[in-house]
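Undergrad: Reading the sequence shown from the start, the letters are residues 0 to 248 in numbering that gives the first Met the number 0.
Pasting a structure here, questions to come.
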Amino acid sequence: MVTIEGVRLTARDLTFAYRRGAPVVLDRLNLECEPGSVTVLTGPSGAGKSTLLYLLALLLPASQGSVEWDGRSVESLPDGERSRLRAAHSGFVFQDAMLDPSRTVVDNVLESALFAGIDPQTARQRADELLAEFGISHRGDHRPGEISGGQAQRVALCRALVTNPDVVFGDEPTGNLDADSARIVWDALIRHAACGATVVVATHDESLAQAADHTIVIDLPDDGNDSIHGDGVVVTNGVGVGNGAGERP
Ligand code: ADP
């Protein structure tokens with residue numbers, strides 16, 4: 000079994016609005032995700048689960064507060080350094096796969112490995128292994144438009160895992176999948192965490208939430224309540240009355 004170090008992800012007073020004056024999506028949220036574990040983010044639609052994943056994955060910069068990787072604040076790093084960290088250490092399974100329609104399945108998987116600086120031969124070998132493991136080798140030369148939704152999501156998983164990343168983020172990675180395909184995706188994420196990786200997944204799927212090590216419920220901001228949810232991890236999103244949508248940051 001491959002050993003992966005994982006990255007401890009910490010959100011400190013993490014606050015985010017999509018633009019100045021827009022409603023605050025995340026309001027001083029605190030949480031921690033540990034290496035070797037699967038954390039599931041649940042909560043109502045629109046509560047900010049995807050946004051939180053993007054922030055933890057360094058795809059979006061925080062408006063206020065910080066995101067730490069292994070205790071190092073990555074908020075203030077230049078864009079280039081953030082994307083280097085992201086490419087070298089993380090994989091992201093997006094909602095609806097988000098494959099590049101102009102590239103073949105193999106090239107979609109290879110892209111993240113090459114971007115992470117893995118040599119082409121090693122990358123190709125790893126891509127082939129993953130495609131075989133997930134039963135889609137025979138679709139390697141096809142384009143995303145020529146494969147099923149379940150196959151596309153498995154390709155997206157291969158793309159996320161091809162670098163053996165320390166962290167894997169999944170945004171409804173089993174949404175729209177049949178039970179068998181969902182099981183394959185979910186088992187792979189659990190196995191990756193068992194190797195030492197930090198896995199954080201937003202999902203509405205109750206059975207997935209039950210299989211996770213930690214469940215964190217993200218509430219809509221501004222409900223006036225401090226929230227203690229899931230297995231006791233303290234999440235505050237919208238502490239106190241009057242910290243309001245449209246006010247900050
Ligand atoms: P969830 O994943 O919990 O359904 P999201 O993170 O997708 O929630 O969305 C949180 C809030 O941010 C919603 O009100 C949504 O409409 C808003 N939102 C999401 N993406 C954008 C965007 N690109 N620009 C502006 N608002 C957005």
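We treat Cβ as the ideally placed atom computed from N, Cα and C, and that holds for glycine.
For the putative contact between D12 and Q94, defined by C-beta atoms under 8 Å, what is the C-beta separation to the nearest angstrom?
TA: Their Cβ separation, rounded to whole angstroms, is 27 Å, which puts D12 and Q94 out of contact at 8 Å.
Undergrad: Measuring straight from C-alpha to C-alpha, what distance separates L207 and E74?
TA: Using only the alpha carbons, I get a separation of about 30 Å.
Undergrad: Please output, in chain order, the residues near ligand 1 using a CB cut-off of less than 5 Å to any non-hydrogen atom of the ligand.
TA: Y17, V24, S44, G45, A46, G47, K48, S49, T50
Undergrad: Which one of D26, P143, H213, P164 has the shortest CA to CA distance from G101?
TA: For the record, residue 101 in the displayed sequence is Ser; it is not Gly. Measuring from the Cα of S101, the nearest candidate turns out to be P143.
Undergrad: What does DSSP give as the partner residues of V295 in its beta bridges?
TA: Look at the range of the chain in this structure, 0 to 248, and you will see that residue 295 is not part of it.
Undergrad: Going by beta carbon distance, what residues of the same chain come within less than 8 Å of D177, once the five residues before and after it are set aside?
TA: G149
Undergrad: Between which two residues does the beta strand (DSSP E) harbouring V166 extend?
TA: 166 to 170
Undergrad: Going by the CB atoms, is the gap between V66 and L55 shorter than 9 Å?
TA: yes
Undergrad: Can you tell which of G90, V23, L8 has its C-alpha closest to the C-alpha of F15?
TA: V23
Undergrad: Could you check if A131 is buried or exposed, using at least 16 other CB atoms within 10 Å of its CB as the buried criterion?
TA: With fewer than 16 Cβ atoms within 10 Å of its Cβ, A131 is classed as exposed.
Undergrad: Can you say whether P77 is buried or exposed, counting buried as having 16 or more other CB atoms within 10 angstroms of its CB?
TA: exposed
Undergrad: Considering V161, what are the terminal residues of the beta strand (DSSP E) in which it resides?
TA: Segment: none, V161 is in no beta strand (DSSP E) and carries neither H nor E.
Undergrad: Let's see if you can read the secondary structure: which residues bound the alpha helix (DSSP H) around A112?
TA: 104 to 114
Undergrad: As a quick exercise: from A21, D118, G35, pick the residue whose alpha carbon is nearest that of I3.
TA: G35
Undergrad: Which residue spans inside the region 171 to 205 form an unbroken alpha helix (DSSP H) run of at least 4?
TA: 178 to 193
Undergrad: What are the partner residues of L8, as DSSP defines its beta bridges?
TA: C32, W68
Undergrad: Go ahead and pull the three-state DSSP assignment for G144.
TA: helix
Undergrad: Could you give the C-beta distance for E31 and L58, rounded to a whole number, given that I count them as a contact under 8 Å?
TA: About 19 Å; that fails the 8 Å criterion.
Undergrad: Could you check if P137 is buried or exposed, using at least 16 other CB atoms within 10 Å of its CB as the buried criterion?
TA: A quick correction: the sequence has His, not Pro, at residue 137. Taking all protein chains shown into account, H137 has fewer than 16 neighbouring C-beta atoms within 10 Å of its C-beta and is therefore exposed.
Undergrad: Specify the secondary structure class of T50 as computed by DSSP and reduced to three states.
TA: In the structure shown, T50 adopts helical secondary structure according to DSSP, grouped into three states.
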